[in-house]
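Asks: This is the structure, below, for whatever I ask next.
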DNA sequence: CCGACTTTGTGCATCGCTTCACAAAGGGAT
DNA sequence: ATCCCTTTGTGAAGCGATGCACAAAGTCGG
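Protein chains in written order, with this note's numbering: chain A, 119 to 362; chain B, 119 to 362.
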């Protein structure tokens, strides 16, 4: 399920799927502002893409535009939502209630459309029993039961790196086939399971690469950056845990 | 700087750059376990990629392998680190100290290699003055001063969506050209500025899409999706037009 | 009803990334 | 030194994504 484009994906390219949420967000904003119809050009600008690309993307869903006019905002919202599977409610479980897990649990946009946090799980007895964002934190022991009984189909992994693969295995055994992984490890899963990863340090490193290029190009002076410890930054004590 | 591949990038493709951190992480793990040399095959497995791809990626940095033997782990770590610009220290400022900002500030892997949190900034007087991960939270008013004086070259945006563009503009004016954006908005910046975005809800929506496909495939009852435009769309406002 | 104008949907050329497959290069044994 | 084995580095084919450019299709004013 990792492969770029599926045989029977009804021909919706992966690259298009990745952009649909972007269009959807832009459309929601427009709907709220009372915009009734929008041209591919305007929507493309709002989503930060090329208008030809946008039209081609939308054409994969069907012909939902009107030539000479544009797209009906509400209708398009519905069509994209349906295509993305947001017309139903997805039960999500968050495993690992460290700093990040807490942040995710409190993340409003989570619940907003299509997703519902159905469980918070952690191995640490210290946090089990806490209430976060109105949810009780349960012990990881009940993982399988929770997944089964509450119909969890998407699991968010926010555990320390060391625990991620083990939890992942259990989650997969329990029948979950969609995982969003925040732990900095390469998870190994069967082909039938979809894993998407969000990795802060990778993003920073990519930025650093380009930044270095920029600095080295024009007129690289002194590599500043390290110069002054400046005020209180010097006493950055070791952070609590390796937990993300 | 958004363009996929730069003319004078010394020819390192963007796709390759995005994988180098992955290789680096795998190599660090191996170095810690005392592995001296590694073959492209083994490293590829550890990083979750195809071995031919890995070799081609590494070949963009130079010929650092030994035929018949493999790659020297430590040497390769150094070469990749240098290429990514991790041999210097990058000062990072985190703007927006909500749940996510806090989690990021406490993220250990942050400081570990090449990156140093140099400032935490927020607009809310309630949190300004707090100490998080050993750092004092300062008011957003001093943004420009902090960026200038502490040599901040990478800014992490963890503000609410509504504030993101404004903060972004200020950050860019202050001379920052690398931004990691967690706010769910499309930032508009000059071409010379690199923006990478991390967007939880987009990732979830992509997972939902594939999950829906999986559910609809094997033996889903209804399915719809394919054949006809389906009439139940009526519950949303009427489509601009219908039929054929 | 017509003609000018707008905007969609898409064929096509192009581009960059992936993957295969293999020659070239090194190590080690005899 | 020679042969065999391993593994790298890369030419070339294949594949999907991008963006241009335009015909088709629709709107609107007269």
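The beta carbon of each residue, even a glycine, is placed where N, CA and C say it ideally should be. None of these values were measured; they are calculated from a predicted model.
Whose Cβ in chain B lies nearer than 7 Å to the Cβ of residue 166 of chain A?
Replies: The answer, in chain order, is 304.
Asks: Where are the alpha helix (DSSP H) runs, 4 residues long or more, that stay fully inside the stretch 144 to 173 of chain B, in chain order?
Replies: You should have 158 to 165.
Asks: Whose C-alpha, out of A:198, A:256, A:286 and A:305, is nearest the C-alpha of residue 182 of chain A?
Replies: Looking at the Cα atoms, A:198 is the closest of the given residues.
Asks: Please name the residue in B:139, B:133 and B:131 whose C-alpha comes closest to that of residue 326 of chain A.
Replies: Ranking the options by Cα distance to residue 326 of chain A, first place goes to B:139.
Asks: Keeping to the same chain, check which residues put their C-beta closer than 7 Å to that of residue 117 of chain A; ignore five residues upstream and five downstream.
Replies: Within the shown structure, residues of chain A are numbered from 119 to 362, placing residue 117 of chain A beyond reach of any answer.
Asks: With distances taken Cα to Cα, identify the nearest neighbour of residue 330 of chain A among B:271, B:159, B:302 and B:276.
Replies: The shortest C-alpha separation from residue 330 of chain A is found at B:271.
Asks: Which term fits residue 134 of chain A, buried or exposed, when burial requires 16 or more other beta carbons within 10 angstroms of its beta carbon?
Replies: Residue 134 of chain A is buried by the Cβ-count criterion.
Asks: Mapping DSSP to helix, strand and coil, what is residue 190 of chain B?
Replies: Correct three-state label for residue 190 of chain B: strand.
Asks: Compare the C-beta of residue 158 of chain A against all C-beta atoms of chain B and say whether one is closer than 8 Å.
Replies: Taking Cβ atoms only, chain B never reaches closer than 8 Å to residue 158 of chain A, which makes this a no.
Asks: State yes or no: is the beta carbon of residue 339 of chain B nearer than 8 Å to at least one beta carbon in chain A?
Replies: Note that residue 339 of chain B scores a pLDDT of 45, beneath 50, so its modelled location is shaky; the value from the coordinates is reported in the next line. No, residue 339 of chain B does not count as interfacial toward chain A.
Asks: Roughly how many whole angstroms lie between the Cα atoms of residue 279 of chain A and residue 189 of chain A?
Replies: The straight-line gap from Cα to Cα measures roughly 45 Å.
Asks: Could you tell me which uninterrupted beta strand (DSSP E) segments, each at least 3 residues in length, are contained entirely in the stretch 222 to 306 of chain A, listed from first to last along the chain?
Replies: Segments of the beta strand (DSSP E) lying fully in the stretch 222 to 306 of chain A: 233 to 240, 253 to 257, 270 to 275 and 296 to 299.
Asks: Run through the DSSP bridge pairs and tell me what residue 312 of chain A is partnered with.
Replies: Paired residues: A:296.
Asks: Just the C-alpha distance for residue 131 of chain B and residue 141 of chain B, rounded to the nearest angstrom, thanks.
Replies: In a straight line, the C-alpha of residue 131 of chain B is about 15 Å away from that of residue 141 of chain B.
Asks: Give the residues from the stretch 204 to 226 of chain A that approach chain B closer than 9 Å (Cβ to any Cβ), ordered along the chain.
Replies: Hits within the stretch, in order: 204, 206, 208, 210, 216, 217, 218, 219, 220, 221, 222, 223, 224 and 225.
Asks: Taking only three categories from DSSP, how would you classify residue 212 of chain B?
Replies: Three-state result, residue 212 of chain B: strand.
Asks: Return the chain-ordered list of same chain residues with a C-beta closer than 7 Å to the C-beta of residue 286 of chain B, the five sequence neighbours on each side being excluded.
Replies: Once the five neighbours on either side are set aside, the close Cβ partners of residue 286 of chain B are 275, 297, 305 and 307.
Asks: Between B:185, B:167 and B:194, which has its C-alpha nearest residue 179 of chain B's C-alpha?
Replies: Nearest of B:185, B:167 and B:194 to residue 179 of chain B, Cα basis: B:194.
Asks: Around the C-beta of residue 295 of chain A, are 16 or more other C-beta atoms found within 10 angstroms, so that it is buried, or is it exposed?
Replies: Buried, by the Cβ-count rule.
Asks: Do residue 215 of chain A and residue 245 of chain A count as a contact pair if the criterion is CB distance below 8 Å?
Replies: In this structure, residue 215 of chain A lies closer than 8 Å to residue 245 of chain A by Cβ.
Asks: According to DSSP, simplified to helix, strand and coil, what is residue 121 of chain A?
Replies: Residue placement at residue 121 of chain A is flagged as unreliable, the pLDDT there being 38, under the threshold of 50; the coordinate-derived value follows with that caveat. If DSSP states are grouped into helix, strand and coil, residue 121 of chain A belongs with coil.
Asks: Exposed or buried, which one is residue 299 of chain B when buried takes at least 16 other CB atoms within 10 Å?
Replies: With 16 or more Cβ atoms within 10 Å of its Cβ, residue 299 of chain B is classed as buried.
Asks: Grouping DSSP H, G and I as helix and E and B as strand, with all else coil, what is residue 219 of chain B?
Replies: Looking at residue 219 of chain B - three-state DSSP - the assignment turns out to be helix.
Asks: Checking 8 Å against the spacing of the C-beta atoms, do residue 262 of chain B and residue 238 of chain B come in under that value?
Replies: Contact flag unset, no.
Asks: For residue 234 of chain A, count neighbouring Cβ atoms within 10 angstroms of its own Cβ and tell me buried if that reaches 16, exposed if not.
Replies: Residue 234 of chain A is exposed by the Cβ-count criterion.
Asks: In whole angstroms, what separates the C-alpha of residue 260 of chain A from that of residue 217 of chain B?
Replies: Answer to the nearest angstrom: the Cα atoms are 26 Å apart.
Asks: Going straight from the alpha carbon of residue 165 of chain B to that of residue 144 of chain B, what length do you get?
Replies: Whole-angstrom Cα-Cα distance: 6 Å.
Asks: Just checking my contact of residue 241 of chain B with residue 281 of chain B at CB under 8 Å: how many whole Å lie between their CB atoms?
Replies: Residue 241 of chain B to residue 281 of chain B, Cβ: 7 Å. Contact.
Asks: Could you compute how far the alpha carbon of residue 185 of chain A sits from the alpha carbon of residue 137 of chain A?
Replies: Each residue's Cα considered, the two are about 22 Å apart.
Asks: Compute the Euclidean distance between the alpha carbons of residue 202 of chain A and residue 323 of chain A, then round it to the nearest angstrom.
Replies: Cα-Cα distance, rounded: 31 Å.
Asks: So, does the CB of residue 277 of chain B fall closer than 8 Å to a CB anywhere in chain A?
Replies: Closer than 8 Å: no.
Asks: Exposed or buried, which one is residue 311 of chain A when buried takes at least 16 other CB atoms within 10 Å?
Replies: Result: buried.
Asks: What residues are listed by DSSP as bridge partners for residue 184 of chain B?
Replies: DSSP, once it has assigned bridges, lists B:188 as partnering residue 184 of chain B.
Asks: By Cβ distance, which residues of its chain are closer than 7 Å to residue 149 of chain B, with the 5 residues on each side in sequence left out?
Replies: Cβ within range, chain order: 191, 192 and 195.
Asks: Using a Cβ-Cβ cut-off of less than 7 Å, list which residues of the stretch 311 to 330 of chain A approach chain B; keep chain order.
Replies: If the cut-off is 7 Å between Cβ atoms, the stretch 311 to 330 of chain A has 312, 314, 316, 318, 319, 320, 321, 322, 323, 324, 325, 326, 327, 328, 329 and 330 near chain B.
Asks: Does the beta carbon of residue 152 of chain A sit closer than 8 Å to a beta carbon anywhere in chain B?
Replies: With 8 Å as the cut-off, residue 152 of chain A does not count as an interface residue toward chain B.
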